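In full-length UniProt numbering, the protein residues as written are 1 to 226.
Below, the structure is given as structure tokens:
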């Protein structure tokens, strides 16, 4: 996972539930909790994030154009899946523990923010924003503009969206784990597929296409340098 406010990244600070789960159990559930109401807006199963890519993951990945950059790669399951499909691939994540685990598994990964200087600026073939990572920074248009700057002409962004088509919100959240360990608050966005398509168009992408893969919603959009 990746992203957050200028001061706190996803699930960082406080009890650091994401880093703690990676260091110890590698199991359990992480919950995205809205600070203002206590509502749980999203959940992630740590075991799924730490395990190998599943059938739906591979279908979401599809036939990607190389090289592939996975933004918020976690322990690197999608990077390994892309590499297994003969694509050159790299993961980035702001979590030192996630990057450490990815590297232990032989996965190329860097401890970087997507907004940091990165290798192959303007030459990536595909960028992945999966597992809710369209929320990074709380501004999907800005995030997609950064992705556009990283992509080669004709490159594609693959975004996993929320299932509610027109959901489009930014709020302040924390992440909690099964032991009630809680992170510091951070800004995060949530967007359905129609909202993602609109953000992508504003960021300079063409022809966003919505796909349903099992229970997951994905938007693919192509960037063309004008």
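The beta carbon of each residue, even a glycine, is placed where N, CA and C say it ideally should be.
Keep in mind that this is a model prediction, so the values were computed, not measured.
Asked	Found
Distance between residue 18 and residue 158 (C-alpha atoms, nearest Å)	24 Å
Beta carbon of residue 91 nearer than 8 Å to that of residue 102	yes
Inside the segment 137-189 only - beta strand (DSSP E) runs reaching at least 3 residues	151-161 and 168-176
Assumed close pair residue 13, residue 201 - CB separation to whole angstroms, cut-off 8 Å	Contact flag wrong, Cβ pair sits at about 34 Å.
Assumed close pair residue 203, residue 148 - CB separation to whole angstroms, cut-off 8 Å	5 Å
Opening and closing residue of the beta strand (DSSP E) in which residue 207 lies	205-213
Bounding residues of the beta strand (DSSP E) (the contiguous stretch that carries residue 70)	68-71
Exposure of residue 38, with buried meaning 16 or more beta-carbon neighbours within 10 Å	exposed
Integer-rounded CB distance, given that residue 87 should sit under 8 Å from residue 68	5 Å
Closest Cα partner of residue 192 within the set 81, 105, 78 and 135	135
Per-residue burial, residue 106 [other beta carbons within 10 Å of its own, 16 or more giving buried]	exposed
C-alpha gap between residue 3 and residue 185, whole angstroms	Because residue 3 sits at a pLDDT of 47, beneath the cut-off of 50, its placement in the model cannot be relied upon, and the point is left open.
C-alpha gap between residue 94 and residue 226, whole angstroms	32 Å
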